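As structure tokens, the structure follows; a few thoughts come after it.
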Amino acid sequence: MNTEVNLCGVKLKNPIIAASGTFGFGREYNSFYDVGLLGGISSKGLTLLPREGNDGVRIAETKSGILNCVGLQNPGVEAFIKNEIPFMRASGTAVIANAAGSTLSDYERICERLSDADVDMIELNISCPNVKAGGMSFGVLPESVEEVTKAARKYCKKPLIIKLTPNVSNIADNARAAEAGGADAVSLINTLTGMAVDLYKRKPVLGNVTGGLSGPCVKPIALRMVRQVYKAVNIPIIGLGGITTARDVLEFMLCGATAVQVGTANISDPYACLRILNDLTKEMQKCKIDDINELVGQLQD
Ligand SMILES: Cc1cc2nc3c(=O)[nH]c(=O)nc-3n(C[C@H](O)[C@H](O)[C@H](O)COP(=O)(O)O)c2cc1C
Numbered sequence: 005m006n007t008e009v010n011l012c013g014v015k016l017k018n019p020i021i022a023a024s025g026t027f028g029f030g031r032e033y034n035s036f037y038d039v040g041l042l043g044g045i046s047s048k049g050l051t052l053l054p055r056e057g058n059d060g061v062r063i064a065e066t067k068s069g070i071l072n073c074v075g076l077q078n079p080g081v082e083a084f085i086k087n088e089i090p091f092m093r094a095s096g097t098a099v100i101a102n103a104a105g106s107t108l109s110d111y112e113r114i115c116e117r118l119s120d121a122d123v124d125m126i127e128l129n130i131s132c133p134n135v136k137a138g139g140m141s142f143g144v145l146p147e148s149v150e151e152v153t154k155a156a157r158k159y160c161k162k163p164l165i166i167k168l169t170p171n172v173s174n175i176a177d178n179a180r181a182a183e184a185g186g187a188d189a190v191s192l193i194n195t196l197t198g199m200a201v202d203l204y205k206r207k208p209v210l211g212n213v214t215g216g217l218s219g220p221c222v223k224p225i226a227l228r229m230v231r232q233v234y235k236a237v238n239i240p241i242i243g244l245g246g247i248t249t250a251r252d253v254l255e256f257m258l259c260g261a262t263a264v265q266v267g268t269a270n271i272s273d274p275y276a277c278l279r280i281l282n283d284l285t286k287e288m289q290k291c292k293i294d295d296i297n298e299l300v301g302q303l304q305d
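Residue numbers for the sequence shown follow my numbering, beginning at 5 and rising by one.
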């Protein structure tokens with residue numbers, strides 16, 4: 005049975021990629037299983053300089069997911085290149101550098117730096133506040149999605165994935181804007197903005213007041229958005245949001261994803277990606293397919 009997929013010219017052993025921010029750089033998970041078995045790893049979101057992240061409570065559990073406001077804690081792009089890429093590369097999995105910034109120039113500079121490093125692809129997290137535009141996220145308006153994609157594209161020599169935020173009025177417009185700006189692929193969804201409240205303290209639970217919602221509760225929204233985007237663009241889609249089983253993976257592929265990412269599931273079960281991978285061919289048999297690529301986009305709607 006074939007589980008290999010081709011993502012923007014990069015061969016992945018299988019469509020399972022560990023999602024940014026939930027897998028570090030793979031080291032800790034490698035003590036549970038060989039992370040080289042995965043199709044890829046998307047690194048923790050990198051910035052030009054190291055960041056400590058937000059103060060106070062950063063994670064709140066919900067009934068079927070979590071809220072987080074980690075705030076892009078990371079060692080910075082130089083430490084990533086020096087200390088993390090060698091391990092990730094040696095593991096044999098595809099290396100995706102997830103990057104973020106707060107100005108257009110940050111995105112240009114980080115893409116330029118990562119393009120000279122030994123990574124397979126660059127995934128841009130554009131759900132970050134644009135400091136020059138009053139703090140509204142780059143990912144919200146189609147015009148700013150196109151602008152940040154174009155800026156990054158000028159300096160990016162690797163396949164460029166634009167990661168879309170679901171906190172928008174029409175995600176298909178934003179996907180089209182990424183495609184128009186020169187993206188090679190889009191990934192969706194990032195987290196949905198939410199909050200948790202401590203009734204008796206009469207205070208928000210999270211230090212940052214709001215946080216990003218992820219996990220099984222977001223899966224129906226993510227599936228709907230992947231399908232909408234599949235119908236809107238001609239570039240490949242990486243689908244994510246609430247995936248916990250092999251069946252979920254195939255559902256995302258049926259809606260149009262060429263590959264998928266698994267995020268929050270890693271936090272509740274460190275073996276999640278391995279378990280999903282081990283179940284994948286069994287689920288393919290149930291779907292009566294020999295090649296996983298046969299399923300992509302084939303939903304009859
Ligand atoms: C604790 C945590 C940290 C995250 N950090 C990042 C990040 O640095 N960059 C990014 O693009 N997405 C980040 N995400 C979003 C995930 O990669 C993913 O898009 C989202 O959680 C939905 O997938 P899931 O439901 O499988 O977790 C983070 C998510 C969580 C839960």
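Backbone N, C-alpha and C fix where the C-beta goes; we use that ideal spot for every residue, glycine too. Predicted, not measured: the structure shown is a model, and the values here were computed from it.
Proximity test, Asn194 beta-carbon vs ligand 2 heavy atom, cut-off 7 Å: Ligand 2 is absent from the structure shown, which contains only ligand 1.
Whole-angstrom distance between Gly301 and Ile89, CA atom to CA atom: 33 Å
Ligand 1 heavy atom lying under 7 Å from the CB of Val74: yes
Lys158 classed as buried or exposed, judged by whether at least 16 other C-beta atoms fall within 10 angstroms: exposed
Coarse secondary structure for Asp188, derived from DSSP in three states: coil
Nearest-angstrom Cα separation, counted from Gly260 out to Pro224: 14 Å
Euclidean distance between Cα positions of Ser68 and Arg62: 17 Å
Local Cβ density within 10 Å of Asn87, reported as buried at 16 or more and exposed below that: exposed
Local Cβ density within 10 Å of Val190, reported as buried at 16 or more and exposed below that: buried
Beta-carbon proximity list for Phe36, same chain, < 7 Å, skipping 5 on both sides: Pro274, Tyr275
Any non-hydrogen atom of ligand 1 closer than 7 Å to Asn129 Cβ: yes
Buried versus exposed, by CB contacts within 10 Å (16 or more), Arg206: exposed
Where Thr214 falls, given that 16 or more other Cβ within 10 Å makes a residue buried: exposed
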